[in-house]
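Reminder that position 14 of the sequence shown reads as 14 in the UniProt record's numbering, one-by-one numbering, no gaps. Yeah, the Cβ is synthetic: ideal placement off N, Cα and C, and Gly gets one too.
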Amino acid sequence: MADVMPPNMLHERPRTPAGLLSNAEKDRLIERGFLGLYRWYTARSQETRNWNPDRSFEWRQLRQDMPPEIITVLQGFFAVEQYAPDFTSNLVHLVRRSHGRSHFQLRWGSEEEKHADAWENAVLFSGQRSPQWIEEYKERLKSQTWELPFPDAIHNLVYTVFQERATQLNYLNMMKIAQGKSDKPHLQGFSDPVLAKVAQTIAVDEAAHYNFFLEGVRMYLYYYPERTLNAIKNVIGQFSMPAATLVPDWEQFFETVYRAGIYGPRDFQRDVMQVAFRNMGIESRKALEEGIRKTREVPDFDGGNFKTTAIFETFDYGAVEGDVKRLHVKIQDYEKEIGFDLYDPTEFVVNPEVPVQDTPAADD
């Protein structure tokens with residue numbers, strides 16, 4: 001939401017030029033978008049991804065002769081997901097005033113809880129960790145608390161886009177290994193259909209989470225482009241996976257994941273950052289940083305909008321606008337199914353700050 005300023009400073013705040021949306025109106029439009037997206041997401045989640053961590057997999061058929069590297073990776077997945085209560089409670093508190101975002105975080109938390117239980121079952125049924133060991137390990141994990149990586153909502157929203165994509169990639173590559181498709185000599189010949197199904201099922205959830213957060217970032221990009229692009233730059237400049245400083249033996253886990261071809265710095269650059277950039281209309285990290293640098297060099301004349309106009313050269317604003325429009329069509333179609341459109345429809349409102357391209361006159 002917009003910053004709250006003390007009354008004695010209101011006169012110092014730049015006035016919104018005539019014809020442009022106020023911050024309050026932008027915030028309202030983003031909130032309505034989140035609410036509609038949350039309702040649509042929940043219905044789709046219940047219809048297509050309503051699985052159970054205990055009953056949806058044939059746990060007794062899980063292999064008990066897995067390579068030590070696989071056990072190390074499963075243990076790491078299990079450890080990170082153990083912080084689901086911290087992830088959820090901190091994010092809910094941060095966005096508690098937003099109906100769509102706070103309620104989605106509750107839904108998200110319930111799905112992350114299933115991931116934690118599924119990976120714990122994988123560790124247990126592997127037969128290579130005793131129930132006593134697992135309980136003691138959980139106590140060790142929960143003796144520490146995960147904290148938000150950033151203090152404000154926009155940075156944490158951007159962070160979740162990259163984090164969810166990275167987590168999805170981890171699980172997809174584990175699925176390939178479990179399908180017997182690894183090109184690493186020390187893992188060739190290994191396969192486990194049960195583990196492959198577990199990894200695939202959770203990866204599908206992570207893809208859905210990624211898309212929700214991506215839609216949210218696109219709305220912010222549309223209505224607050226400069227603030228959002230700066231947040232993207234800040235996040236990728238200090239990105240790390242959640243709980244990296246909390247999980248015991250993280251370095252061993254990360255090294256094993258890297259050697260298994262599951263995830264590493266190159267994967268982040270190619271399959272996380274570039275994919276997310278493409279989905280947000282950003283050409284590259286270099287283009288993002290150069291665009292922000294140029295924007296900061298433009299004079300910010302009162303009411304002139306010079307600085308705001310310059311930011312539109314940093315990314316494909318037209319593509320983002322198209323994505324936001326499509327999101328609203330999806331929301332509106334859902335509201336027509338339910339009947340919300342009769343009472344309180346969600347509407348798309350164009351951001352008039354976008355500079356209009358002059359079309360050359362045709363020759364007579």
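Which residue marks the beginning of the alpha helix (DSSP H) containing residue i, and which one marks its end?
i           : result
residue 45  : 23-48
residue 116 : 99-125
residue 53  : Per DSSP, residue 53 belongs to no alpha helix (DSSP H) and is neither H nor E.
residue 225 : 225-237
residue 88  : 84-94
residue 257 : 250-259
If you run the structure through DSSP and keep just helix, strand and coil, what is residue i?
i           : result
residue 243 : coil
residue 353 : coil
residue 329 : helix
residue 64  : coil
residue 169 : helix
residue 282 : coil
residue 196 : helix
residue 365 : No statement about residue 365 is possible, as the shown extent of the chain runs from 1 to 364 and does not include it.
residue 145 : coil
residue 152 : coil
residue 267 : helix
residue 163 : helix
residue 205 : helix
residue 345 : coil
residue 183 : coil
residue 8   : Because the pLDDT of residue 8 is 43, which lies under 50, any placement of that residue in the model is unreliable, and the number read from its coordinates should be weighed accordingly. Helix, per DSSP.
residue 188 : coil
Decide if residue i is buried, meaning its Cβ has at least 16 other Cβ atoms within 10 Å, or exposed.
i           : result
residue 178 : buried
residue 245 : exposed
residue 248 : exposed
residue 343 : exposed
residue 353 : buried
residue 26  : buried
residue 350 : exposed
residue 93  : exposed
If you measure between the beta carbons of residue i and residue j, is that distance less than 8 Å?
i           : j           : result
residue 217 : residue 174 : no
residue 205 : residue 103 : no
residue 242 : residue 73  : no
residue 35  : residue 100 : yes
residue 224 : residue 324 : no
residue 121 : residue 262 : no
residue 150 : residue 119 : no
residue 315 : residue 282 : yes
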